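Novice: Below: one structure in structure tokens.
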Amino acid sequence: MKKYIFLALLLTGSLAVQAQEKGGMSLEAGAAYYHPFFGGNTKNNFNYGFSLLVSKRFRNVKVSAGIDYATKKYYYEVNPTGFNPLTKREYDMQYLNFPFLVNITVARLSEKAELGLLTGLVLNKVAGYKIISTYANHPVSEDDLEIPASMGLTFRLGAAFSLPLGNRFRLNLTPFGDIKLVMNGNQDSSGDPYAGSYRNLPDNRFTLGIQAGMEYLFK
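Below, the structure written as structure tokens:
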């Protein structure tokens with residue numbers, strides 16, 4: 002996990018310097034809420050993310066690239082049996098994502114406020130993975146589990162609302178939907194503790210989210 006954080010910080014610094022040196026570019030810091038959809042009896046914990054994007058505007062088109070840290074935490078509960086006293090199993094994953102996005106302005110909501118269509122691809126890398134199993138009210142944590150080397154790929158589609166705050170800043174609000182094209186895990190999570198190995202890295206196909214960001218314009 003530490004090496005991924007170091008690489009993310011290194012890339013963040015590089016992107017920030019590049020944005021500052023080139024005119025007509027911007028740097029945006031954002032925070033997001035994610036709601037993954039799973040099958041079976043699986044329920045979400047609170048999932049959040051933080052991102053840093055460098056953007057270049059070409060008239061009504063803004064092209065962005067950057068990095069994003071996100072959590073994927075969820076659980077399911079089962080009735081214990083004499084052979085298996087398990088009552089709850091929680092999955093806790095951390096992701097490093099690398100978005101490549103295009104925002105096309107489609108309407109002017111006021112003199113300066115804009116509505117845009119957001120689309121693009123996001124590379125997904127699992128950076129941390131652990132499981133917490135509860136047996137008769139006794140939690141057992143399995144930390145630093147093996148992570149598949151394969152990279153996931155997600156298609157993103159959303160709307161982008163942008164409001165200027167002075168000459169240098171813009172406040173952006175972006176509701177979006179994600180469709181996983183290439184899964185990180187071995188299979189969709191079904192919430193069934195007896196289907197295959199519970200240590201198989203679970204994944205989901207669909208996610209909804211919303212992101213708020215503050216964008217600084219270099220001029």
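Numbered according to the working numbering, the sequence shown spans residues 2 to 220. Glycine included, every Cβ here is placed at the ideal spot set by N, Cα and C. Computed from a prediction, not measured in an experiment: that's the story for all the values here.
Does the Cβ-Cβ distance between residue 123 and residue 64 come in under 7 Å?
Specialist: Reading the sequence shown from its first residue, position 122 is the one you call residue 123. Reading the sequence shown from its first residue, position 63 is the one you call residue 64. It is not a contact, given that the beta carbons lie outside the stated cut-off.
Novice: Determine the burial state of residue 75: buried for a count of at least 16 other Cβ atoms within 10 Å of its Cβ, exposed for fewer.
Specialist: To locate residue 75, count along the sequence shown from 1; it is residue 74. Classification for residue 75: buried.
Novice: Kindly indicate the opening and closing residues of the beta strand (DSSP E) around residue 100.
Specialist: Position 99 of the sequence shown, counted from the start, is the residue given in the question as residue 100. Where residue 100 is concerned, the enclosing beta strand (DSSP E) stretches over 87-109.
Novice: Taking residue 176 as the reference, which of 167, 27, 157 has the closest Cα?
Specialist: Start at 1 with the first residue of the sequence shown, and residue 176 comes out as number 175. Taking only the C-alpha atoms, the option nearest residue 176 is 157.
Novice: Taking residue 214 and residue 31 to be in contact with their CB atoms under 8 Å, please state how far apart those CB atoms are, rounded to whole angstroms.
Specialist: As a working mapping, residue 214 is identified with position 213 in the sequence shown. As a working mapping, residue 31 is identified with position 30 in the sequence shown. About 3 Å; that satisfies the 8 Å criterion.
Novice: Can you tell me whether DSSP reads residue 58 as helix, strand or coil?
Specialist: The residue given as residue 58 occupies position 57 in the sequence shown. Residue 58 falls in the strand class under three-state DSSP.
Novice: How would you write the range of the beta strand (DSSP E) that residue 171 sits in, first residue to last?
Specialist: If you number the sequence shown from 1, residue 171 lands on position 170. Segment 170-183, the beta strand (DSSP E) holding residue 171.
Novice: Can you name the start and end residues of the beta strand (DSSP E) that residue 79 belongs to?
Specialist: Along the sequence shown, read from residue 1 onward, the residue named residue 79 stands at position 78. Here residue 79 belongs to no beta strand (DSSP E), and DSSP marks it neither H nor E.
Novice: Using the Cα positions of residue 48 and residue 82, report the straight-line distance between them to the nearest angstrom.
Specialist: Here the question's residue 48 lines up with position 47 in the sequence shown. Here the question's residue 82 lines up with position 81 in the sequence shown. Roughly 31 Å separates the two Cα atoms.
Novice: Does the beta-carbon of residue 195 have 16 or more other beta-carbons within 10 angstroms, so that it is buried, or is it exposed?
Specialist: The sequence position of residue 195 within the sequence shown is 194, counting from 1. Any answer about residue 195 is weak, because its pLDDT of 43 lies below 50 and its placement is not dependable; what the coordinates show is given next. Exposed is the call here.
Novice: Hey, is the stretch 139-147 in contact with the stretch 112-123, meaning 3+ C-beta pairs nearer than 8 Å?
Specialist: No, the stretch 139-147 does not touch the stretch 112-123.
Novice: Give me the residue from 186, 155, 94 with the minimum Cα distance to residue 128.
Specialist: Walking along the sequence shown from the start, residue 128 turns up at place 127. It is 94.
Novice: Within 8 Å, do at least three Cβ pairs link the stretch 205-219 to the stretch 158-171?
Specialist: Touching, yes, given that three or more Cβ pairs across the two stretches are closer than 8 Å.
Novice: Along the beta strand (DSSP E) that carries residue 26, what are the first and last residues, could you check?
Specialist: Looking up residue 26 in the sequence shown gives position 25. Its beta strand (DSSP E) spans residues 26-38.
Novice: Suppose contacts are defined by Cβ-Cβ distances below 7 Å. Is residue 1 in contact with residue 99 by that definition?
Specialist: Any property of residue 1 remains undetermined from this structure, which presents the chain solely from 2 to 220.
Novice: Where do the ends of the beta strand (DSSP E) carrying residue 222 lie?
Specialist: As displayed, the chain neither begins before 2 nor continues past 220, which places residue 222 out of reach and without an answer.
Novice: For residue 221, which of 202, 180, 133, 92 has the nearest alpha-carbon?
Specialist: A query on residue 221 cannot be resolved here, the shown segment of the chain reaching from 2 to 220 and no further.
Novice: Under the rule that 16 or more other beta-carbon atoms within 10 Å means buried, what is residue 86, buried or exposed?
Specialist: Residue mapping note: residue 86 aligns to position 85 of the sequence shown, counting from 1. Answer is exposed; the Cβ neighbour count stays below 16.
Novice: Grouping DSSP H, G and I as helix and E and B as strand, with all else coil, what is residue 147?
Specialist: Reading the sequence shown from its first residue, position 146 is the one you call residue 147. Three-state DSSP puts residue 147 in coil, outside helix and strand.
Novice: Let me make sure I understand the geometry here. Which of 155, 26, 110 has the alpha-carbon closest to that of residue 54?
Specialist: Position 53 of the sequence shown, counting from 1, holds the residue named residue 54. Closest option to residue 54, Cα to Cα, is 26.
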